[in-house]
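First the structure, in the form of structure tokens, and then the observations on it.
Numbering (my numbering), first residue to last: 2 to 529.
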């Protein structure tokens, strides 16, 4: 079996530090986007309401996901009572670091070279590193808990202590997103069934594991039953799961064809490395075989769900990393022309990106890109094996991505902290504030809750005679008088403006003449 040089624990540590620094550079500055505000809002309202059992968004019960991810965000935010952008995102960064570390440690005694390759694959594929590595989403936490459950189980599958620890982690995975068992049990059951000599003991241990795993989820469900409407939660949660499986044959067939290619794209560049540096050496060890079974079974399960996406398969990525690492010829040499030209192209792109960012009045980031261009051009003079080449390219790309595409969101994603403070200062505290529970409003709602330290209300559950409403101008009711308007920056992808209105159901006169779009009530960009 090939041994890869330069894979000492020190090198692993340096790569971990490099990735951690890059992923945390701007997570406190870049405004939350997509579904991130919803995750932060749930945690923020847990703190404000002092209710950690029933997750809510704008006081409306949230049924789509269990709350463990929100508990962690709330836990690290308790000190000052504010869920910051950094706190909301750091959970994913830490999860990624621990995933890579666990994969490396699991394989280290078997083969350090394979452990290093698996470590790289698990941490530096595109979807994890540039998609969810620093996003306020539960996917990487789910991946970590699922793999740690496997990590402790596979160490000693018949020892009760290992089974108990593994089942606790599985239970926390279920409390994160609910899908952990789909990535754990099928592969291990298949592996046990294929080995008659261990079949009976392993199936018994897995049965015990499956009995212990639901303990913490069941405790939470009992508390939910005592504090909220458990039937509504189960209905909403099952509808969310069912939504992934819906679809007629016309939708299912394209999904069936496209899904493997989407997964390959998500695993870049390592999916290509496996193809071009594949070695067909027979591998016989339990970790490899069970990981292979887990990877295949998870892929087949999610491929049959017409609504599934590549990110839903994230918990299977560490198993893919382990399986693929045994079949990669890390020492396979690349043609010098190929590596030289690819680094030249990367250097040229970095040079152009630096010039563009400089023209946009950025200062530090252009310097980073110019340095990347110099480094890329300098290292192009050497010849590399496929492993070192891929590692260098991935680290360069990560630096470019975080200082370019990710940082540039400061130029395209408006920040509403000043707006929220102004709203909290100007409005009558005795009247509740109501918002439409839509993604476009949730960032503003989160910033308002941070500013006034009181939960706002979703329009769907609000039943007040007098209240303030935040909505698009066209959604204002006849009894609502617009008192201010929040203007989005030019070029933002959201709606043009959002109104702040004072509503009184006793009045039917809509006073549109009171509009006063104040400058301090405009969603500003952090970099202008």
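C-beta: ideal position from N, C-alpha, C; glycine also.
| Check | Outcome |
| --- | --- |
| If you follow the beta strand (DSSP E) that residue 469 is in, where does it begin and where does it stop? | 467–472 |
| According to DSSP, residue 434 sits in a beta bridge with which residue or residues? | 469 |
| Evaluate residue 11 with the Cβ neighbour count: other Cβ atoms within 10 Å of its Cβ, from every protein chain shown; 16 or more gives buried, anything less gives exposed. | exposed |
| From what residue to what residue does the alpha helix (DSSP H) around residue 123 run? | 113–125 |
| Select from 268, 426 and 399 the residue whose C-alpha is nearest the C-alpha of residue 26. | 399 |
| By DSSP's criteria, residue 504 is part of a beta bridge. Which residues make up the other side? | 468 and 481 |
| Here's the rule: buried if 16 or more other CB atoms are within 10 angstroms of the residue's CB, otherwise exposed. What is residue 117? | buried |
| Would residue 449 pass as a contact of residue 484 if the rule is Cβ separation under 7 Å? | no |
| Check whether the Cβ atoms of residue 451 and residue 38 sit closer than 7 Å, and answer yes or no. | no |
| Give a yes or no on whether the C-beta atoms belonging to residue 436 and residue 131 are separated by under 7 Å. | no |
| Quick check on the DSSP output: what are the complete alpha helix (DSSP H) runs of length 4 or more inside the stretch 171–209, in order along the chain? | 181–194 |
| What's the call for residue 219, buried or exposed, on a 16-neighbour Cβ count within 10 Å? | exposed |
| Does DSSP put residue 520 in a helix, in a strand, or in coil? | With a pLDDT of 41 at residue 520, under the threshold of 50, the modelled position of that residue is not reliable, and the figure given next carries that caveat. Helix. |
| Between 57, 67 and 289, which has its C-alpha nearest residue 155's C-alpha? | 289 |
| Does the beta-carbon of residue 124 have 16 or more other beta-carbons within 10 angstroms, so that it is buried, or is it exposed? | buried |
| What residues in its chain sit with their C-beta under 6 Å from that of residue 228, if we drop five residues either side in the sequence? | 54 and 55 |
| Under the three-state reduction of DSSP, which class applies to residue 460: helix, strand or coil? | coil |
| According to DSSP, is residue 279 helix, strand or coil? | strand |
| Can you list, in chain order, the residues of its chain with a C-beta nearer than 6 Å to that of residue 268? Leave out the 5 residues immediately preceding and following it. | 126 |
| Does any heavy atom of the ligand FMN sit closer than 6 Å to the C-beta of residue 254? | Inclusion of the ligand FMN in the displayed structure is not the case, the ligand content being empty and no account of it being possible. |
| Contact check, residue 28 vs residue 69 under 8 Å by CB: the rounded distance? | With 8 Å as the limit, residue 28 and residue 69 do not qualify as a contact, their Cβ atoms being about 21 Å apart. |
| Along the alpha helix (DSSP H) that carries residue 52, what are the first and last residues, could you check? | Taken as a continuous stretch (DSSP letters only), residue 52 belongs to no alpha helix (DSSP H), as it is neither H nor E. |
| Under a three-way DSSP split, which group does residue 4 fall into? | Caution is warranted here: a pLDDT of 45 is assigned to residue 4, below 50, making its placement in the model unreliable, and the coordinate value is therefore given only provisionally. Residue state, collapsed to three classes: coil. |
| When DSSP builds the beta bridges, which residues end up paired with residue 487? | 499 |
| Checking 7 Å against the spacing of the C-beta atoms, do residue 260 and residue 304 come in under that value? | yes |
| Taking the continuous alpha helix (DSSP H) assigned at residue 564, which residues delimit it? | Not covered by the structure: residue 564. The range shown for the chain is 2 to 529. |
| Report yes or no: do three or more beta-carbon pairs, one from the stretch 406–419 and one from the stretch 137–145, lie closer than 8 Å? | no |
| With a threshold of 7 Å on Cβ separation, who are the neighbours of residue 314 within its own chain once the five nearest residues in sequence on each side are excluded? | 264, 299, 300 and 303 |
| Check residue 71 in the structure and name its three-state DSSP category. | helix |
| According to DSSP, is residue 492 helix, strand or coil? | Reliability of the predicted coordinates at residue 492 is poor, the pLDDT of 49 falling under 50, and the value obtained from them is presented with this limitation in mind. Three-state result, residue 492: coil. |
| Nearest-angstrom Cα distance between residue 213 and residue 486? | 54 Å |
| Can you tell me which of the three DSSP states residue 364 falls into? | coil |
| Taking the alpha helix (DSSP H) that residue 418 belongs to, which residues open and close that run? | 418–427 |
| Can you tell me where the alpha helix (DSSP H) holding residue 140 begins and where it ends? | 140–156 |
| Excluding the five sequence neighbours on either side, which residues of its own chain have a C-beta within less than 7 Å of the C-beta of residue 151, listed in chain order? | 185 |
| So the candidates are 191, 190 and 170; which of them puts its Cα closest to the Cα of residue 181? | 170 |
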